[in-house]
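Chemist:
2 protein chains.
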Amino acid sequence: MDDETAPQKGTVTQRAIERIKAMIAEGRLEPGQRLPTERDLAAQLGISRSSMREAIRALTVLGVLEARHGSGIYVTRLEAGDLLETFGVVADLSRGPRLVELLEIRRILESTATALAAARISGDELAEVEKHLAAMNATEDPEEIIAHDLAFHRVIAVAAGNETMAAILEGLSSRTFRARVWRGYQEEGAFARTRREHAAIHRALAAHDPEAARAAAAAHVGEVEQWLWAQLGPQDMPGARGAVAT
Amino acid sequence: MDDETAPQKGTVTQRAIERIKAMIAEGRLEPGQRLPTERDLAAQLGISRSSMREAIRALTVLGVLEARHGSGIYVTRLEAGDLLETFGVVADLSRGPRLVELLEIRRILESTATALAAARISGDELAEVEKHLAAMNATEDPEEIIAHDLAFHRVIAVAAGNETMAAILEGLSSRTFRARVWRGYQEEGAFARTRREHAAIHRALAAHDPEAARAAAAAHVGEVEQWLWAQLGPQDMPGARGAVAT
DNA sequence: GCCACCTGAGTGGTCCGACCACTACGAGTA
DNA sequence: TACTCGTAGTGGTCGGACCACTCAGGTGGC
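Chains A and B, in that order, are what the protein sequence lines are.
Counted from 1, the first sequence has number 148 at position 148 by our numbering; the numbering is strictly sequential.
Counted from 1, the second sequence has number 175 at position 175 by our numbering; the numbering is strictly sequential.
(1) Determine, using beta-carbon pairs with one atom in the region 202-219 of chain A and one in the region 122-142 of chain A, whether at least three such pairs fall under 8 Å.
(2) Using CA atoms only, rank isn't needed, just tell me which of B:VAL12, B:GLY171 and B:ARG193 is closest to LEU103 (chain B).
(3) Name the chain B residues that come within less than 7 Å of ARG53 (chain A), Cβ to Cβ?
(4) Closer than 8 Å by beta-carbon distance: list the chain A residues that pair up with ASP92 (chain B), in chain order.
(5) Report the rounded CA-to-CA distance for ALA115 (chain B) versus PRO210 (chain B), giving the unit in angstroms.
(6) Which residues, in chain order, does the region 80-104 of chain A contribute to contact with chain B at a C-beta distance below 7 Å?
(7) Which residues bound the alpha helix (DSSP H) around GLU187 (chain B)?
(8) Can you tell me the Cα-Cα spacing of THR37 (chain B) and ARG53 (chain B), whole angstroms?
(9) Taking Cβ positions only, does THR60 (chain A) come closer than 9 Å to chain B?
(10) Nearest CA to the CA of GLY10 (chain A): which residue from B:ALA25, B:GLU30, B:ILE17 and B:ALA67?
(11) On a Cα-Cα basis, can you pick out the residue from B:LEU99, B:GLY27 and B:GLN226 that is closest to LEU93 (chain A)?
(12) Can you find a CB in chain A that lies within less than 9 Å of the CB of ASN137 (chain B)?
(13) Unbroken beta strand (DSSP E) runs of length 3 or more, entirely within the region 62-137 of chain B: which are they?
(14) Around the Cβ of THR124 (chain A), are there at least 16 other Cβ atoms within 10 angstroms (buried) or fewer (exposed)?
(15) Expressed to the nearest angstrom, what Euclidean distance is found between the alpha-carbon atoms of VAL75 (chain A) and VAL89 (chain A)?
(16) Decide if the region 94-101 of chain A is in contact with the region 158-169 of chain B; the criterion is three or more beta carbon pairs, one per stretch, under 8 Å apart.
(17) Can you name the residues of chain A whose CB is closer than 8 Å to the CB of THR112 (chain B)?
(18) If you count every other CB in all the chains shown that lies within 10 Å of the CB of THR246 (chain A), and 16 or more means buried, which is it?
(19) Would you check if the distance between the CB atom of ARG107 (chain B) and the CB atom of ALA217 (chain B) is smaller than 9 Å?
(20) Mapping DSSP to helix, strand and coil, what is ARG28 (chain A)?
(21) Do you know how far the Cα of VAL61 (chain B) is from the Cα of VAL16 (chain B)?
(22) Would ILE56 (chain A) and LEU65 (chain A) be called neighbours here (beta carbons separated by less than 9 Å)?
(23) For VAL64 (chain B), return the contacting residues in chain A, with the cut-off set at a CB-CB distance below 9 Å.
(24) Give the residues of chain A in contact with GLU163 (chain B), contact being defined as C-beta atoms less than 8 Å apart.
(25) Within this structure, are the beta carbons of THR194 (chain A) and ASP141 (chain A) separated by less than 9 Å?
(26) When the Cα atoms are used, what is the spatial distance from TRP227 (chain B) to TYR185 (chain B)?
(27) With distances taken Cα to Cα, identify the nearest neighbour of ILE254 (chain A) among A:TRP229, A:ALA230 and A:VAL221.
(28) At a CB-CB cut-off below 7 Å, which residues of chain A make contact with SER50 (chain B)?
(29) Does the distance from the C-beta atom of LEU35 (chain A) to that of GLY63 (chain A) stay below 9 Å?
(30) Have a look at GLU143 (chain B) and LEU29 (chain B) and give me their C-alpha separation to the nearest angstrom.
(31) Pull the bridge partners of ARG34 (chain B) from the DSSP assignment, please.
(32) Do GLU110 (chain B) and HIS153 (chain B) count as a contact pair if the criterion is CB distance below 9 Å?
(33) With a threshold of 7 Å on Cβ separation, who are the neighbours of TRP229 (chain B) within its own chain once the five nearest residues in sequence on each side are excluded?
(34) Taking only the alpha-carbon atoms, compute the straight-line gap between GLY189 (chain A) and TRP182 (chain A) and give it to the nearest angstrom.
(35) So which of B:VAL158, B:GLN33 and B:LEU232 has the shortest CA-CA distance to ARG77 (chain B)?
(36) Below 7 Å on C-beta distance, what does LEU169 (chain B) contact in chain A?
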């Protein structure tokens, strides 16, 4: 009903966004290709440069386009990582019960990804997993631990052979998200438990045992999930006023 | 550390986006709340209205803000559905091997969601599932079938009790995505098979049998997955690692 | 008294033109 | 040949003007 073909539907900018998206979807614009200048594009669609800039900005934050100052506007590679960067925004802006939901999704995907990785992981990838595991255990700096923890799981997700899933999991473990949740979690002396869980995951990967890997990963994320749930059960999180029973 | 806190990092617009996002993350802007006018906001951050408009447009497409012509700018409810609308863009712009990856993710999430739903689904929800199932079988109009198919799975996802997962699954089954893939799939006379699979899912839900529900849902999505894989098999077989039966 | 209508201030939407900051390429030079 | 440096062209920012729409408050009729 609200589909194209009609003279005009929403705002001019919105139409411009759809037009460019359509051009990419139809293959008239290839990944990496350079677009005409803002001025030319605006003229082509018969709109002002301001409106065209808003459309470009919108597609930029969506990871579809990339603007290089002084050079031009380009279509991104359109790979999973480019497009799913916005997933981090969801994680950053979620609070309360939705955080638990996000962790539940991560548990489901991460456990499956780890199981797949156990079956497919190569020697090189396994070595990289071990590298991050060792680095994680060799320092006490929270920042460094989080960084290697992230990389640890990323290697596994990639080894699972699904780039899109790896990108989603990366968004679900974004720096700020992890920092927010883990700050409290780790303060309760969860370091030792985390190390044990990571070791269990590594063991299952090395043994190429998918079921053990699935269980270990599920337990790993599940621990955080349970803790977070308990956190906002009795009292809501600090900063937010009052538990909202929507 | 990674930024100089004081002077400036990226573009003016980018900074404005971060500022507003931060205001929301810190709770200084509540869901549903109205923001100052574009002109005031621009003045507050010391930037031009044009740049502020680009920032607002960016946050609008991300589902964080909502602009109502003549009324004002408001923070959305910030619920999963609002923020994950952009997920549909990923599905719409993905082609070739990435489509299979997306279907694999949908298979994983959908099977788990269906299993959860089997355990939790209420009588009312089950009735709604049956309603869409009947409507789906009562027509030959592809558009209508797709609509009820979508609603069928949506009810199940909601019954699983994870709104975020339901929103993601909705994005993975967006109208255009489904239309693109299913056009070819259904042309091969998959109607009968689809009906049988839907019936199996419903049966498992009615019996409150999670394992049967998981299997039925996985098979349902897996069928499309296999078909799609075969479609682009002969043409391009990129550097994916060996096929592993899951 | 009540309700429909109208008006106007205020808001987002669009356009324009100017200038700045940066990149890329090629002419000029050593 | 290799390097430097200018410059045309690009995205980034700004300010102002006007249009399209919403909504509250007043106005008029009933």
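All C-beta atoms in this analysis are idealised placements derived from N, C-alpha and C, irrespective of residue type, glycine included.
Source: prediction; values computed, not measured.
Modeler: The relevant details are as follows:
(1) Counting Cβ pairs under 8 Å, three or more are found: they touch.
(2) B:GLY171
(3) GLU54
(4) Neighbours of ASP92 (chain B) on chain A, chain order: LYS21 and ALA25.
(5) 4 Å
(6) For the region 80-104 of chain A, which is checked against every Cβ of chain B, the residues closer than 7 Å are ALA80, LEU83, LEU84, THR86, VAL89, VAL90, ASP92, LEU93, ARG98, GLU101, LEU102 and GLU104.
(7) For GLU187 (chain B), the enclosing alpha helix (DSSP H) starts and ends at 175-187.
(8) 10 Å
(9) yes
(10) B:ALA67
(11) B:GLY27
(12) no
(13) 65-68 and 72-75
(14) A small fix is needed here, since residue 124 (chain A) is Asp in this sequence, not Thr. With fewer than 16 other Cβ atoms within 10 Å, it is exposed.
(15) Straight through space, the alpha carbons of VAL89 (chain A) and VAL75 (chain A) are spaced by roughly 21 Å.
(16) yes
(17) ILE108
(18) Residue placement at THR246 (chain A) is poorly supported in this model, since its pLDDT is 28, which falls under 50; the coordinates still yield a value, given next. Exposed.
(19) Yes; because the gap between Cβ atoms is below 9 Å, this pair is in contact.
(20) coil
(21) According to the sequence as given, residue 16 (chain B) is Ala; it is not Val. Each residue's Cα considered, the two are about 15 Å apart.
(22) In this structure, LEU65 (chain A) lies closer than 9 Å to ILE56 (chain A) by Cβ.
(23) VAL89 and LEU93
(24) ARG98 and GLU101
(25) One thing to note: THR194 (chain A) has its Cβ no nearer than 9 Å to the Cβ of ASP141 (chain A).
(26) 7 Å
(27) The question about residue 254 (chain A) has no answer here: the residues shown for chain A are numbered 1 through 246.
(28) The contacting residues are SER50.
(29) no
(30) 40 Å
(31) B:TYR74
(32) yes
(33) Closer than 7 Å at the Cβ level, and outside the excluded window around TRP229 (chain B), lie VAL100.
(34) 11 Å
(35) B:GLN33
(36) The premise fails here: LEU169 (chain B) is roughly 10 Å from chain A at the closest Cβ pair, so nothing lies under 7 Å.
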